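Please read the structure below before turning to the comments.
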Amino acid sequence: MTKLIISAADLSVSLGSRLLFECDELAIEEGAFVGLLGGNGVGKTTFLRTLLGLQKAQYTTLNILDAPCKRGSSSISYLPQLKAQSSRLALCAQSLFQTWRPRSISAKEWQRRIDNAIDQVNAQKIASQPMDTLSGGEYQRLMLAQALLNEPKLLLLDEPLVGLDPSRQYQLVELILHLQQHLGMTIICSTHELNPFINHFTEVLLIHEQKLRQGKATELLTSQTLSELYHCHLDVVVHHGRQHLIAHPDSDLYV
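Under my numbering, the first residue of the sequence shown carries the number 767, and numbering increases by one thereafter.
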């Protein structure tokens, strides 16, 4: 029987008095690659923060990795949206990662984790360069490595492709797929960049009209569902055996 990484019942999340979304039931299995989709401001980042225990929510059940949801779980890692170049440090990743060693982990073990995380994202050549000299794609690879230091079972990604050119987007997607397919990691990825991911998500979470809806990618990544989600005529087409999303913003559905 497949293990559930996330299970929830009667989940409701609000910001102040404003309801963002609610969901009767949620069940995400181990090893799933889940796309978290929805328009701007519907609560995608807030949902990720809820799983991290950083956002208050109402629920009957909300279990993460067979335990009640709580803040500070070492089995969950989070990659936030790409920071601006001006906010980066002059430290190299190797030095920066050393400063984050938990007291409960020996220096030798932490260095092993650093080396392993850098290897997993193919960042050996840039790990010793100052972070403020890196391109967006290089910086994001090292931030992904940072998210792997705790050797998480659940990885939450918030718009990981923002600011990257198409080539760097697809390179990062390949790294993410490696984590999911070869390491068995469960991944939830919030994104507006659907084309790099559309052929790889196994499940999809949609936030629309204050409802959180779950389904198989093959069932929900359709022209009709995505057009309703984004209020724009979108076609999912197949070219050379792969799905692609094409937008028609001049359609009658556009608002």
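The beta carbon of each residue, even a glycine, is placed where N, CA and C say it ideally should be. Note that this is a predicted model, so its numbers are computed, not measured.
#1: Please name the residue, chosen from A911, C835, Q890, E917, that lies closest to I871 on a Cα-to-Cα basis.
#2: Could you have a look at A798 and say whether DSSP puts it in helix, strand or coil?
#3: Can G1007 be considered in contact with the ligand FAD, in the sense that its beta carbon sits closer than 6 Å to one or more heavy atoms?
#4: Quick check: the Cα distance between Q904 and H999, rounded to an integer number of angstroms?
#5: Leaving out five residues on either side along the sequence, give the residues of the same chain with a beta carbon under 6 Å from the beta carbon of R934.
#6: Checking 7 Å against the spacing of the C-beta atoms, do C835 and G809 come in under that value?
#7: Taking 7 Å as the threshold (C-beta atoms), are A913 and L857 in contact?
#8: Considering only their Cβ atoms, is the gap separating I973 from G804 smaller than 7 Å?
#9: Which one or two residues does DSSP pair with S840 in a beta bridge?
#10: In whole angstroms, what is the alpha-carbon distance linking G950 and I884?
#11: Counting only the same chain and skipping the five closest in sequence on each side, list residues whose C-beta sits under 6 Å from that of E791.
#12: Along the chain, where does the alpha helix (DSSP H) that runs through H1006 open and close?
#13: Rounded to whole angstroms, what's the CA-CA distance from R837 to L930? Just pull it up for me.
#14: With C-beta atoms as the reference, is E925 less than 7 Å away from Q847?
#15: Assuming I842 and L922 form a contact by the criterion Cβ under 8 Å, report the distance between their Cβ atoms to the nearest whole angstrom.
#16: Using the Cα positions of Q864 and D881, report the straight-line distance between them to the nearest angstrom.
#17: State the DSSP-derived secondary structure class of F963, mapped to helix, strand or coil.
#18: Can you have a look at V1004 and say buried or exposed, based on whether 16 or more other CB atoms are within 10 angstroms of its CB?
#19: Between which two residues does the alpha helix (DSSP H) carrying H974 extend?
#20: Leaving out five residues on either side along the sequence, give the residues of the same chain with a beta carbon under 6 Å from the beta carbon of R867.
#21: Nearest-angstrom Cα distance between A833 and S839?
#22: Go ahead and label T816 buried or exposed: buried means 16 or more other beta carbons lie within 10 angstroms of its beta carbon, across all protein chains shown.
#23: Can you give me the Cβ contacts of R1008 inside the same chain, cut-off strictly under 7 Å, excluding the 5 residues immediately before and after it?
#24: Rounded to a whole number of angstroms, what is the C-alpha to C-alpha distance between R960 and V1002?
#25: Pick helix, strand or coil for V928, following the three-state DSSP scheme.
#26: Is G805 helix, strand or coil by DSSP?
Once the coordinates are examined:
#1: Of the candidates A911, C835, Q890, E917, E917 places its Cα closest to the Cα of I871.
#2: Reduced to three states, the DSSP call for A798 is coil.
#3: Ligands are entirely absent from the displayed structure, and the ligand FAD is therefore not among its contents.
#4: Correcting the residue identity first, residue 904 is Glu in this sequence and not Gln. Computed Cα separation, rounded: 34 Å.
#5: Same-chain partners within the cutoff: G903.
#6: No, Cβ-Cβ distance for C835 and G809 is not below 7 Å.
#7: Contact: no.
#8: Using a Cβ distance threshold of 7 Å, G804 and I973 count as a contacting pair.
#9: Looking at the DSSP output, S840 shares a beta bridge with no other residue.
#10: The straight-line gap from Cα to Cα measures roughly 18 Å.
#11: In chain order, A775 place their CB closer than 6 Å to the CB of E791, counting only its own chain and leaving out the 5 sequence neighbours on each side.
#12: Where H1006 is concerned, there is no enclosing alpha helix (DSSP H), given that its DSSP letter is neither H nor E.
#13: Cα to Cα, R837 sits roughly 30 Å from L930.
#14: At the C-beta level, E925 and Q847 come within 7 Å of one another.
#15: The Cβ separation is near 7 Å, so the contact holds.
#16: Each residue's alpha carbon lies about 11 Å from the other.
#17: The three-state secondary structure of F963, taken from DSSP, is coil.
#18: A residue is called buried once 16 or more other Cβ atoms fall within 10 Å of its Cβ, and V1004, having fewer, is exposed.
#19: Not the alpha helix (DSSP H): H974 falls in the beta strand (DSSP E), residues 969 to 974.
#20: Within the same chain, and ignoring the five residues on either side of R867 in sequence, the residues whose Cβ sits closer than 6 Å to its Cβ are W876.
#21: Cα to Cα, A833 sits roughly 10 Å from S839.
#22: T816 should be labelled buried.
#23: Excluding the 5 residues flanking it on each side, R1008 has same chain C-beta neighbours closer than 7 Å at N965, in chain order.
#24: Checking the sequence, you will find Leu at residue 960 rather than Arg. Looking at the two C-alpha atoms, the distance is approximately 11 Å.
#25: The DSSP-derived three-state label of V928 is coil.
#26: In the structure shown, G805 sits in coil (DSSP, three-state: anything other than H, G, I, E or B).
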